[in-house]
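Using our numbering, read the sequence shown as starting at 10 and increasing by one per residue. Cβ coordinates follow ideal geometry from the N, Cα and C atoms, glycine included. Keep in mind the model is a prediction, meaning the values are calculated, not measured.
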Amino acid sequence: MPYSNRTSFMTAEQDSPRTSQKASLEYNPTTNFYHNEIHFYGKSALHSQQNQHDRSMTDVHLSPSSSILEDVESSHTVINGSSHTVYSLPEHDMINKTATSSKAEADPNQYTTIIDSTTTATSALPELRTYPIAWVLLFFIVLIRAAVAIFGNTFSPIPSVTADFMGISLSSINWLYNTMAICYIVASFFTSYLYKKIGVKWSLFLSGLILSVGCWIRWVAVRINPPSFPILMLGQTIASLSSPISLNIMTTFAVVWFTENRRATAGMFIVSNYGAIIAMFLMPAIATGKDKIELTVIVVASIATAATIPFLFFPTKPPTPASHAAVVTENKAGVPTKPELTLRQGTMLLLKNPHFLILLVIHSSNIGLSIAWNGLMNQAISPYGYTDNEIGNIAAIGVVGGTLGCLMSGPIIDRTKQHKVLLKIMAPLMFSTYLAFIFVVKRDSFAAILYTNMLSQFFLSFMVPVCVELGVEISYPVTESLSTSILWQVSQLVGFILVLVMDLFRDENGEPKGNLYKALVFQAAIAGVCFFFSMIFNGPMARTEALKVQEKAAAATAQSEMMTNNTAMSRYHYDSADTMQTLTEADQARIQRQQHCKEEV
10 MPYSNRTSFM TAEQDSPRTS QKASLEYNPT TNFYHNEIHF YGKSALHSQQ NQHDRSMTDV
70 HLSPSSSILE DVESSHTVIN GSSHTVYSLP EHDMINKTAT SSKAEADPNQ YTTIIDSTTT
130 ATSALPELRT YPIAWVLLFF IVLIRAAVAI FGNTFSPIPS VTADFMGISL SSINWLYNTM
190 AICYIVASFF TSYLYKKIGV KWSLFLSGLI LSVGCWIRWV AVRINPPSFP ILMLGQTIAS
250 LSSPISLNIM TTFAVVWFTE NRRATAGMFI VSNYGAIIAM FLMPAIATGK DKIELTVIVV
310 ASIATAATIP FLFFPTKPPT PASHAAVVTE NKAGVPTKPE LTLRQGTMLL LKNPHFLILL
370 VIHSSNIGLS IAWNGLMNQA ISPYGYTDNE IGNIAAIGVV GGTLGCLMSG PIIDRTKQHK
430 VLLKIMAPLM FSTYLAFIFV VKRDSFAAIL YTNMLSQFFL SFMVPVCVEL GVEISYPVTE
490 SLSTSILWQV SQLVGFILVL VMDLFRDENG EPKGNLYKAL VFQAAIAGVC FFFSMIFNGP
550 MARTEALKVQ EKAAAATAQS EMMTNNTAMS RYHYDSADTM QTLTEADQAR IQRQQHCKEE
610 V
């Protein structure tokens, strides 16, 4: 049970400017310290001519044991007189002891003693935490990603109605989709620089602003009479530039706002294609005829605008860091830090990294197949007698399956950290679904197509967070935004190429007319390439290993500093006690001399 024992005494001196003296000794078992206070009130004859303070106080902590102190933020002693000595323990990592001597201009007997000792708990590494506002910001990032997906899937669920309204061919509708891939490839060159220059918050706001402007330009294209396909393409191009900004930011955002054990989960929400689910149901429901195309475009533009505004009200970063940068070099304090690489240096490191190149083939073929299939699925299935509503339902269920894959992938990665094992499990399953498409895409096979498409989207979407996280791991020390941008950039390029190649396999003279059977065989072959490279991939988890090194180094540094603090503070406490004892004895001797002089008089 805590207790306190305090002893005090006061002395008064008649006819003396110094009116009182108070000293106390207190033991606090909670901190295992003795607390000694000596107060001098008033002015002595020696001080009267020097305008000294009315009150001087000493506050000395005496440690009876040699146990290690928690930490020391500041502690200093100043003695003013013929000798001026300063013992300083600053609030940073190093402990310095300096001594300076100077000739006193005042009475050599004058002195002023000030001791201020404070202890506070510090740590070599700050506490890492994920703030609630990070989840709110994540929600609005998912919202802007959904708006981008709705924009991208405005016309793909309703190609026939759009073609009739605009007076264009289905191939022209495909180019609306291809424009997104081209813009993604171009804009991805600048996303890493953009994140570093203006940060996460303003990058996301810029993405939403570009998306909104492009969507409203598309509205102008369908509002005029006759509708203008060039203006529609202009709006499509501008809005498409927003997609890489909001998608490539996933790892950068996760590092800034989320702790290590929640990053994959945060990234999973960002890559989940919730907007595509909405678009697959919403577009056919609104665009029931050519006269509803304008309303459809207005709804999409309104969603984009509403999703942009909230980013104005978010902070640029959390109050305290959510993660430590992984390390390979050491700074002046001996704590490892991550080296800074230029954009060119980082790119060259990635291109020379064989593990990253293998992962690039895996991720780009996986995403490229998804882009190509989602863009051509309507045209691949419709020749067999399926309506737009049925195809829309197949696509929507497929997106639901993909979303479930992402939702499951993130938490599993965070808990198991078995990235490579998960990759080798999902790749053959994904390959099997593309083989199945060759046989199930036929007449009166609606349920089989729906089921196969759902499984395909589930498996390929499960692989996306796995590949992105692996990209960050094996590319270390290259910044996360650069490795992620290149992964998505090449994926969009592969998707664009696959759409063009698969469209060439259209059989206008086959049965049924305009079928894409050969394209289905081709995409299965590409899936086989993805499967093969997934099996041989064995890249190192460089970032995880670097984090372990950092944690061990930080722990060792903290322990060393605590031991140093303990040694210095123990010496300081007892030195201060000796100083105060000397000062008190001198003061008492002076009083006795004054009394003796009075008696003689």
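Contact check for L432 and F546: beta-carbon distance about 7 angstroms, within the 8 angstroms limit, so the pair qualifies. The beta carbon of N398 is closer than 8 angstroms to those of P293 in its chain, skipping five residues each way along the sequence. Linking G176 to P168 through their CA atoms gives a straight-line distance of about 12 angstroms. L496 has its alpha-carbon roughly 8 angstroms from the corresponding atom of V477. Considered as a whole, the region 516 to 583 harbours 526 to 545 as its complete alpha helix (DSSP H) runs of no fewer than 4 residues, in chain order. Ranked by Cα distance from I535, the options M439, A296, E560 are led by M439. Within the region 448 to 490, the runs of alpha helix (DSSP H) at least 4 residues long that lie entirely inside it are, in chain order, 455 to 483. Going by C-alpha positions, M289 is about 6 angstroms away from P166. Relative to the Cα of F542, the nearest Cα in the group Y186, I367, R599 belongs to I367.
Distance from the CA atom of I207 to the CA atom of P474, rounded to whole angstroms, is 25 angstroms. Rounded to whole angstroms, the Cβ separation of I286 and V157 is 14 angstroms, and the two are not in contact under 8 angstroms. Using a Cβ distance threshold of 8 angstroms, D512 and N270 do not count as a contacting pair. Looking only at D300, F149, T297, A405, the smallest Cα-Cα distance to L321 is reached by F149. Measuring C-alpha to C-alpha distances from I318 to each of L502, L215, T425 identifies L215 as the nearest.
According to the DSSP assignment, D397 belongs to the alpha helix (DSSP H) that extends over 397 to 425.
Here the region 419 to 434 makes no contact with the region 447 to 458; the two share fewer than three CB pairs at distances below 8 angstroms. Short of 8 angstroms from the beta carbon of P549, and not among the five residues preceding or following it, lie these beta carbons of its own chain, in chain order: H364, E482, I483. Note on geometry: alpha-carbon atoms of R272 and A263 lie some 5 angstroms from one another. Inside the region 283 to 332, DSSP marks whole alpha helix (DSSP H) runs of 4 or more residues at positions 283 to 295, 302 to 317, from first to last along the chain. Annotated three-state conformation of R138 is coil, per DSSP. By alpha-carbon distance to S311, the top candidate from G217, D516, S178 is G217.
Three or more beta-carbon pairs drawn from the region 376 to 391 and the region 517 to 536 are found closer than 8 angstroms, and the two stretches are therefore classed as touching. About 15 angstroms separates the beta carbons of F164 and A313, which is beyond the 8 angstroms limit, so they are not a contact pair. In this chain, the alpha helix (DSSP H) harbouring Y202 covers 179 to 232. The DSSP-derived three-state label of F174 is helix.
Following the DSSP letters along the chain, one finds R353 inside the alpha helix (DSSP H) bounded by residues 352 to 360.
If you draw a straight line from the Cα of G284 to the Cα of F267, it comes to about 24 angstroms. Exclusion of the five residues before and after S237 leaves A230 as the residues of its chain whose Cβ lies within less than 7 angstroms of its Cβ.
Collapsing the DSSP output to three states places T163 in coil.
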